[in-house]
Amino acid sequence: MSENRVIGQGNKIPWYLPEDFRWFKEMTMGHVIVMGRKTFESLGKPLPNRKNLVLTRHLEQLNKNHPKFCFREWRGESGQMPPYQFNFSKFNENEKTEILVATSLAKLDPMDFPSKVIICGGAQIYEQALFRCSDLYLTIVKRIVGGDAFFPAFEDRFQAVEEMRDCAEFKIIHFRNRSLFPATQSRNMTVGQELLSGDNPPDSE
Ligand SMILES: NC(=O)c1ccc[n+]([C@@H]2O[C@H](COP(=O)([O-])OP(=O)(O)OC[C@H]3O[C@@H](n4cnc5c(N)ncnc54)[C@H](OP(=O)(O)O)[C@@H]3O)[C@@H](O)[C@H]2O)c1
263 MSENRVIGQG NKIPWYLPED FRWFKEMTMG HVIVMGRKTF ESLGKPLPNR
313 KNLVLTRHLE QLNKNHPKFC FREWRGESGQ MPPYQFNFSK FNENEKTEIL
363 VATSLAKLDP MDFPSKVIIC GGAQIYEQAL FRCSDLYLTI VKRIVGGDAF
413 FPAFEDRFQA VEEMRDCAEF KIIHFRNRSL FPATQSRNMT VGQELLSGDN
463 PPDSE
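With the working numbering as the guide, the letters of the sequence shown map in order to residues 263 to 467.
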C-alpha cells in the first residue's frame with residue numbers, strides 16, 4: 263500500500279517495483295495464493311508454481327469470460343493435489359489450464375491445504391480475510407498516489423514484529439495478529455501483499 267493506503271487504481275497497481283515483485287515471488291512460491299476475481303482479471307493469467315485460487319460468486323460467468331482457462335470449484339478436497347501443479351484437461355485437442363475457484367471465502371479452511379494459504383488481494387478480499395490471518399507482510403510504498411482501491415484498517419489487530427526490508431522506494435514489515443497469538447497454534451492464513459499488479463508481473467513470472 264502507499265502512504266495513503268492505496269493498493270489499486272483502475273484495476274491496476276499504480277507503481278512498478280521489481281524488487282518487491284521478486285520478494286513476493288519468493289514468499290509465495292509453492293504455496294496457495296488466494297485472490298479476488300478482479301485481481302485475477304488484472305493479472306490475466308495464473309502465477310506459475312503456486313496453487314492459484316480465485317474467489318468469485320459467479321463461476322459460470324468466469325468460465326464464459328475466460329474460455330482459455332478451466333475453472334474448477336474447490337470443495338475442500340484436502341490434500342488432493344500437490345500445491346503447485348496445474349491439471350491440463352484435454353478438450354477437443356485444446357489444452358486448458360485449470361484454475362481453482364472458491365465461491366465462498368468463509369468456507370475456505372487453511373487446514374484443507376498442504377501448504378500455506380496466502381491472501382493476495384484485492385481490497386474486497388483483504389477486508390474480509392484479514393481478521394483470520396495470523397501474519398501480515400505489508401509493503402509500504404513511500405509515495406502518496408491517487409487510487410480507487412485501499413488497504414483496510416489493520417493497526418488495531420496486528421502488531422509489528424519485524425522490519426524485513428527498508429530501501430529508498432519502499433519498506434516491508436511483518437505484522438502478527440495479536441488476537442491469534444499465543445493462544446491458538448492452529449495453522450492460519452497469511453496475508454502477502456503487493457505483487458499482484460495491474461500490469462502482468464515480469465516475464466520471468
Ligand atoms: N497492491 C496490492 O497488493 C494489490 C493486490 C491485489 C490487488 N490489488 C488491486 O486491487 C484492486 C482490485 O480489488 P477489488 O477489491 O476491486 O477486487 P478483488 O478483491 O480483487 O475482487 C473482488 C471480487 O471477488 C469476488 N468476491 C469478493 N468477496 C467474495 C467472497 N466472500 N466469496 C466469493 N467471492 C468473492 C467477487 O467476484 P464476482 O464479482 O465474480 O462474484 C468480487 O467482485 C485492483 O486495482 C488491483 O490492482 C492490489
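All residues carry an ideal CB built from backbone N, CA and C; glycine is no exception.
Pull up the distance between the alpha-carbon of K307 and that of P329, whole angstroms please. As a position in the sequence shown, residue 307 is number 45, starting the count at 1. As a position in the sequence shown, residue 329 is number 67, starting the count at 1. The C-alpha of P329 is placed about 12 Å away from the C-alpha of K307.
For R427, list the residues DSSP reports as bridge partners. Residue 427 sits at position 165 when you count from the first residue of the sequence shown. R427 pairs with I434.
By a C-beta neighbour count over all protein chains shown, 10 Å radius and 16 as the cutoff for buried, is N314 buried or exposed? Taking the sequence shown and counting its residues from 1, one reaches residue 314 at position 52. N314 comes out buried.
State the Cα-Cα distance for the pair M426 and I381, rounded to the nearest angstrom. In the sequence shown, counting from the first residue as 1, residue 426 sits at position 164. In the sequence shown, counting from the first residue as 1, residue 381 sits at position 119. Distance between the alpha carbons of M426 and I381 is about 19 Å.
Closer than 8 Å: G306 CB and nearest ligand 1 heavy atom: One-based indexing of the sequence shown puts residue 306 at position 44. Outside the cutoff, so no.
Drop a sphere of 10 angstroms on the beta-carbon of K378, count the other beta-carbons inside from all chains shown, and report buried for 16 or more, exposed for fewer. Within the sequence shown, numbered from 1, the residue matching residue 378 stands at position 116. Looking at its Cβ environment, which holds 16 or more other Cβ atoms inside 10 Å, K378 is buried.
Return helix, strand or coil for F420, following the three-state DSSP convention. Position 158 of the sequence shown, counting from 1, holds the residue named residue 420. F420: strand per DSSP, three-state reduction.
Check each candidate in T359, L442, I435 and N439 and name the one with the smallest Cα separation from L285. Position 23 of the sequence shown holds residue 285. One point to set straight first is that residue 285 is Trp, not Leu, in the sequence displayed. Out of T359, L442, I435 and N439, I435 has the C-alpha closest to the C-alpha of W285.
Backbone secondary structure at K274 - three-state DSSP: In the sequence shown, residue 274 corresponds to position 12, counting from 1. If DSSP states are grouped into helix, strand and coil, K274 belongs with the strands.
Can the beta-carbon of M289 be found closer than 9 Å to that of V316? Your numbering for residue 289 matches position 27 in the sequence shown. Your numbering for residue 316 matches position 54 in the sequence shown. Not closer than 9 Å, so no.
What would DSSP say about S374, mapped onto helix, strand or coil? Mapped onto the sequence shown, residue 374 falls at position 112. Going by the sequence as given, residue 374 is Asp instead of Ser. Judged by DSSP in its simplified three-state form, D374 adopts helix.
Taking 9 Å as the cut-off, decide whether the C-beta atoms of L324 and V294 are in contact. Position 62 of the sequence shown holds residue 324. Position 32 of the sequence shown holds residue 294. No, the Cβ-Cβ distance between L324 and V294 is not below 9 Å.
In chain order, what residues of the same chain lie with their CB nearer than 7 Å to the CB of Q421, ignoring the 5 residues before and after it? The residue given as residue 421 occupies position 159 in the sequence shown. Excluding the 5 residues flanking it on each side, Q421 has same chain C-beta neighbours closer than 7 Å at F437, R438 and R440, in chain order.
Which first and last residues belong to the alpha helix (DSSP H) in which T401 is found? One-based indexing of the sequence shown puts residue 401 at position 139. For T401, there is no enclosing alpha helix (DSSP H); the residue is found in the beta strand (DSSP E) stretching over C395 to V403.
How about D428: is its Cβ closer than 8 Å to a heavy atom in ligand 1? Mapped onto the sequence shown, residue 428 falls at position 166. With a cut-off of 8 Å, the C-beta of D428 is classified as distant from ligand 1, since no heavy atom of the ligand falls inside that distance.
Can you find a heavy atom of ligand 1 that lies under 8 Å from the Cβ of T401? Translated into positions along the sequence shown, residue 401 becomes position 139. Flag set: Cβ of T401 near ligand 1.
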